[in-house]
Amino acid sequence: MELLIIAPIVLALVSALGSKWNKWITWIFSMAGLVVLLGNWGSLAPLVKGAEFATLVDYPWLGETVHFQLGIDGISFFLLLLTNMLIPVIVLSINSDKRLALIPLILFMQAGLNGVFMAQDGLLFYLFWELAMIPIYFITLMYSERDAFATTIRFFVYTFIGSLAMLASLIFLGSKSLNGSFAYTDLYNVQLSFAESIWVGAGFLLAFAVKIPLFPFHVWQPNTYTYAPAQGSMLLSGIMLKMGLYGVLRWYFPMATESIDFYQPIIMTLAVIGVIYGAIIAMRQDDMKRMIAYSSISHVGLIAAGLFALNSSGFQGGLLQMFVHGINVVGLFVAVNIIERNFGTRNLNELGGIAQKNKLFTVLFFLVIIGTVAAPLTNGFPGEFLLLKSIFDYQATYAVFAGLTIIFCAVYMLRMFQFSMLGECNTETENKTIPIAQLIPLFVVAFFVISIGFFPQWYLDLFQNSSAGLLNMISNVKGVLS
Amino acid sequence: MNPIALILLFPLLGFALNGTIGHKLPKGIAPWIGTLFIFLPFVITLGQWDILSNDVEATIKWDAYTFFNLDGIIFKAAFTLDRLSIWMTLIITGIGTLIHLYSISYMDHDPNAAKFFSFLNFFVFNMLLLVLGANFLMLFFGWEGVGLCSYLLIGFWYQNASYGKAARKAFIMNRIGDLGLLLGMFLIIKNYGSLEYSDVLPAIAQGTGGSVLLTSIAILLFIGAMGKSAQIPLFTWLPDAMAGPTPVSALIHAATMVTAGIYLVIRCEALYALAPIANEFILWIGLATALIGALIGLRQNDIKKVLAYSTVSQLGFMFVALGVGAYTTALFHVTTHAFFKALLFLGAGSVIHGVHDRQDITQMGGLKKMMPLTYITFLIGTLAISGFPLLSGFFSKDEILASVFHHNIVAYIVLVIAALLTATYMFRLLFLTFHGEFRGTDYALKDVHESNWKMTTPLVVLAVLSILGGVLNLPHYLLHTDGFLASWLRPTFLIFENPAHTDITTEIILIGVAISIFLFGFIYSRSRYITKNMSPEQSTAGIEKVLSNKFYIDEFYQKAIVRPIEFLGDILFALVDTLLLYGLTFSVHPILRFIGRFNRKIQNGNIEYYLLYMVGAIALLLGLNLLFA
Amino acid sequence: MLTIFHSLEISHYIYLSTVLFSIGLFGVLFRRNAIILLMCIELMLNAVNLLLAAFTEYMGDVQANGQMFVFFIMVVAAAEAAVGLAIIVMVYRNTRKTDVSFLDQLKD
């Protein structure tokens, strides 16, 4: 499985060298990860269905204490699937041949993301975590439409501070572990006092809360999503923020279990506030990308709340919704990108009537919208149902407030659809039709909208055992939760 | 193949066919596909009737697949056809077929007819999902699905931005209710570990769960019903929903979708029978809705708006019946209402079609000569809804009044007033549209034409049903036994027993009241609009102005809820997010720069200073070493 | 010959080299002329050389490792002086100055 990390790096270098590659060849490059992942399904399947985070690769790396150790279970596999499936979609949506550096950077990032989701060693995890940041730094810096430097440096420094806090926590854990090892199981076996656990937990949570982003740590996010190139926004919202949620599940919960009781009410409250806060602001935005940015705060707030409810439906719903949110938000950004590319603006006040000449696009865009709105038989529903159920099981009043998302989400999503697609045409939207080739990424998205909507169990099967195993590891072994 | 699978499959297939290749087919094919694929499930459902009628215990089940599985709680896509759901299915597919047939010529000139039929089929699919589902999850799927279809169909003419607004309003207000339903479902899962009717309802009937729990579940589910069935305070979407094509109003916003709330309560009869507080709540909500809907209906001048408020009011009647525990009666009224309200809407559609897409009754009058068939059927519908003796509405409404009379006399009086208003506004509508002088200004009476057979056939069929619908559940005083529907439904109820019957004198008094209500409404409207030949009121002043402005409820919601939220959104964005959070966080940056301005002097690029610092630092370290060693 | 060396205490060498080193250090820190800087650096190196040679002798190191270092340092110092002078010549050609305080390009 090292190939999942090596192959994208090699292909990134290759595509960087041959700067005049045909778009389709680079697209095939981007498929490599998915091919490797699915090609190994035969050998991975038993591990994926297993309850524990099984080691795949283990080389000594920095002396005795730090190993190049990769592992997999259902949770990792599911997020690897998301990453490697979305990368080709994102590459397909690139609209200009002038953005030559974009493809190598995306591929490079793919390597980092794959590493994050597989790392089984604390320092390795940190390494990949930062590795994934480097390409997105350059993507936003080089191709942002406005305030590139200010936006990028703020985003980078802000997330980096969080990451350093996490590094401190990891090093502290490593210093207490057996032989100073950073291996996942060794770190997990470290016994922390309550006070230590609070500090270690704070380090992890700061990094993850910034990345998710959880209210009020989201300040970097709206501007970055808005001004970054479409592909950058897709990478950030579709995949990178899942690193934060994954980190909470994989690293924070098991490593600082003792602190969960302390942080649970705080995070739950912040997450539910974020759900409403993001939604209310999203309702008033005219810039489609900014609207999606705020809606994303709302959606991930719900996921974070579900994870912190610490029950089975929360974990499963959270994981499913990570996948679904990745797909839907990429679909939304692709659609916005198509609109902006063809009609020259993404301001809702300057659009309207696109549906009249572009039926297929309308249908696909609407599918993504109702997926996001979580209508039944689309992909948003099962995850949101499970998440709200988990929050309800934690505390019914929280569920009432978090449940407002199903109302608010309909408000801003349908508003966006109305003002962009429906209504009267204007001079800009009157006579243009969108070429079918641009719609290909949306077909992939639409496939997942429908298939997860109708058959969520197919996807839940991938990680149900692992998520139960993880929950068991958190709740029973350390005996924090009754 | 399982009959339920077939029943569900055909509308879905129709949706898929018309949605994908419908517009490429030769003109006129797509509508017939749509109609046929609703008629086939009707036939299939009828074929199952015998199985259910021969054996009171019989149900037809279909477990399609496991939707998802959560720690042993299995959420199934499972369906069941029992005596309640077959009744609803027949209404949906039967009336659905008629309305599809009607739509063929109604939507004839629309270039997007295939899309229309595809949405309509999808609506029927979702509605069937709702009534056939064997658990709350499938009910919720259908529940949200019909909301979505309603959104799509209200906004069918999407170029018009105000239609789009109405569509979004409908969807969003429905979602408010859906949240209640969803929370109710969570409460059920938490306490009963399942969403299957067959697990939950018997457990409730056997007394599992305290009264607080049952009441909370009942009220939460009812909030869902309030959204879908347009009850106060969530009713304002329904009149706006009239923006959609008229067949949509007939099918979705009169006959089927809006009765989903009533279906839900009847389905959960075991729950509601044990939650008296919730019942009282339902009763008063229903009463208020019945009254306010009827009051507003008095002074509307849009032919469809009058019918819309009439629907709101009639739905209130049904909830009143549910509130007093008369479940059979409520379903009976659902059925007859489906007949006569679909008839009235289709009649209205025929009128609108005949006068070239105008809906304002101030511009109509005297149409009965030009549209005789439409007039007669509309008249029958009006008589039925107003409670003309022996027509369908007479029996069902009388039953509701009778059950309320036994329950609460105040509620009875309020409901009598609402019924009286019903007769009044319906005859007002009839007289202003069809009788008197023609008042149109921008078109001539001779342009008005009767509709073709595809539109009139459903009218005639529905008119016959509106006349004869009463036989489905004739009252006790005529039969001296339970009516057909009452005995048909009894096996599906876990707790509810058909109420004991009162003595004949009370019945006669009640019937007398019912008939005088009808007569009063008729005579009042006749004297006002025919004898005195008054033209429709323009909103003048006082109470009439309030009525024609719908009690300013929309304006109130706008000012009290929508504006504050929008304002909050702006405030949060401008002040909290941009200024406070963003500003505060990144104000660190100028502070650091300020500090840097001093530090910069140290780093002046002159190598001597660097050396000096180095030597100084080494000396310091050495000194410290000497000091502490 | 050796006895002459041994007639002195090790401490004398240490004092001498400390004085030499300090002279060199202060020269580096406070003189501006690049050539004098270079000479001062040589002086510091030679102070260390003297110390190394002396310690080798007094510790009785038969293999004379310390003196080996002295040779290394002398070679490196010669190379350094050559490169340093070349740089100074270049700087002088460009700026007509050998004043190091004028060269503050590092700060950018």
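Chains as they are written, first to last, in numbering that gives the first Met the number 0: chain A, 0 to 481; chain B, 0 to 628; chain C, 0 to 107. Note that CB positions come from ideal geometry on N, CA and C, so glycine has one too.
Since residue i and residue j should fall inside the 8 Å C-beta cutoff, what is the C-beta to C-beta distance between them, to a whole number of angstroms?
| i | j | result |
| --- | --- | --- |
| A289/B | S309/B | Contact flag wrong, Cβ pair sits at about 10 Å. |
| F377/B | G386/B | No, F377/B and G386/B are not in contact; Cβ-Cβ is about 16 Å, not under 8 Å. |
| I514/B | P388/B | 6 Å |
| L186/B | I231/B | Wrong, their Cβ atoms sit about 24 Å apart, outside the cutoff. |
| Y374/B | G435/B | With 8 Å as the limit, Y374/B and G435/B do not qualify as a contact, their Cβ atoms being about 13 Å apart. |
| L233/B | M225/B | 5 Å |
| A77/B | D62/B | 5 Å |
| M165/A | F203/A | 6 Å |
| V329/A | V444/A | 7 Å |
| R345/A | I337/A | That belief does not hold up - the Cβ atoms of R345/A and I337/A are roughly 10 Å apart, past 8 Å. |
Going by CA-CA distance only, name the one from the options that's closest to residue i.
| i | options | result |
| --- | --- | --- |
| F380/A | L100/B, I50/B, T258/B and E143/B | E143/B |
| D569/B | Y183/A, L126/A and I280/A | I280/A |
| E1/A | D57/A, E51/A, V47/A and A11/A | D57/A |
| L19/C | N32/C, L50/C and A33/C | L50/C |
| L459/A | G541/B, T65/B and Q47/B | T65/B |
| E56/B | F492/B, V409/B and L429/B | F492/B |
| L234/A | F124/A, A354/A and V90/A | V90/A |
| Y191/B | V561/B, A229/B, R174/B and G71/B | G71/B |
| I86/A | P59/A, G231/A and G70/A | G231/A |
| P455/A | K75/B, F38/B, K26/B and G13/B | K75/B |
| G163/B | M420/A, W23/A, V271/A and K175/A | M420/A |
| A329/B | K340/B, F316/B and G132/B | F316/B |
| H634/B | K340/B, S210/B and M369/B | Only positions 0 to 628 of chain B appear in this structure, which leaves residue 634/B out of reach. |
| A320/B | E554/B, I466/B, I399/B and M613/B | I399/B |
| T269/B | T255/B, L314/B, D239/B and A325/B | In the sequence as presented, Thr is not what sits at residue 269/B; that position holds Ala. Cα-wise, what sits closest to A269/B is A325/B. |
| W236/B | V257/B, L250/B and L219/B | V257/B |
| A398/A | L580/B, M184/B, G615/B and G18/B | M184/B |
Going by DSSP in three states, residue i sits in which element: helix, strand or coil?
| i | result |
| --- | --- |
| P59/A | strand |
| I639/B | Past the boundaries of the shown model lies residue 639/B; chain B is included only from 0 to 628, so the question cannot be answered. |
| V413/B | helix |
| L101/A | helix |
| I9/C | helix |
| A76/B | strand |
| H108/B | coil |
| T54/A | strand |
| W40/A | helix |
| W487/B | helix |
| T344/A | coil |
| A325/B | coil |
| Q68/A | strand |
| A227/A | coil |
| D60/C | coil |
| F365/A | helix |
Count the CB pairs spanning the region 104-112 of chain A and the region 248-259 of chain A that are closer than 8 Å, and state whether there are at least three.
no
Please determine if the region 270-284 of chain A and the region 293-308 of chain A are in contact, where contact requires at least 3 C-beta pairs separated by less than 8 Å.
yes
Give the list of continuous alpha helix (DSSP H) stretches no shorter than 4 residues that lie fully inside the region 526-605 of chain B.
Look at the region 526-605 of chain B and you find these whole runs of alpha helix (DSSP H), each 4 residues long or longer: 541-547, 552-556, 562-570, 582-585 and 587-601.
Cβ contact (3+ pairs, closer than 8 Å) linking the region 113-125 of chain B and the region 139-155 of chain B:
Three or more Cβ pairs drawn from the region 113-125 of chain B and the region 139-155 of chain B lie within less than 8 Å of each other, which places the two stretches in contact.
Given 8 Å as the limit, is there contact between the region 407-424 of chain A and the region 169-178 of chain B, that is, 3 or more CB pairs closer than that?
yes
Any contact between the region 303-322 of chain A and the region 361-368 of chain A? By contact I mean 3 or more CB pairs, one from each, below 8 Å.
no
Between the region 419-435 of chain A and the region 8-17 of chain B, do at least 3 Cβ pairs fall closer than 8 Å?
no
Pick out the complete alpha helix (DSSP H) segments inside the region 265-330 of chain A, 4 residues or longer, and give them in chain order.
287-307
Return the chain-ordered ranges of every alpha helix (DSSP H) run that is complete within the region 244-317 of chain B and spans a minimum of 4 residues.
For the region 244-317 of chain B, whole alpha helix (DSSP H) runs of length 4 or above, ordered along the chain, are 245-249, 259-266, 268-272 and 275-296.
Okay, do the region 117-132 of chain A and the region 61-71 of chain A touch, 3+ Cβ pairs below 8 Å being the bar?
Pairwise C-beta distances place the region 117-132 of chain A in contact with the region 61-71 of chain A, as three or more of them are shorter than 8 Å.
Could you tell me whether the region 246-255 of chain B touches the region 91-100 of chain B, using the rule of 3 or more Cβ pairs below 8 Å?
yes
Touch test, the region 346-365 of chain B against the region 447-459 of chain B, Cβ-Cβ under 8 Å, three pairs minimum:
yes
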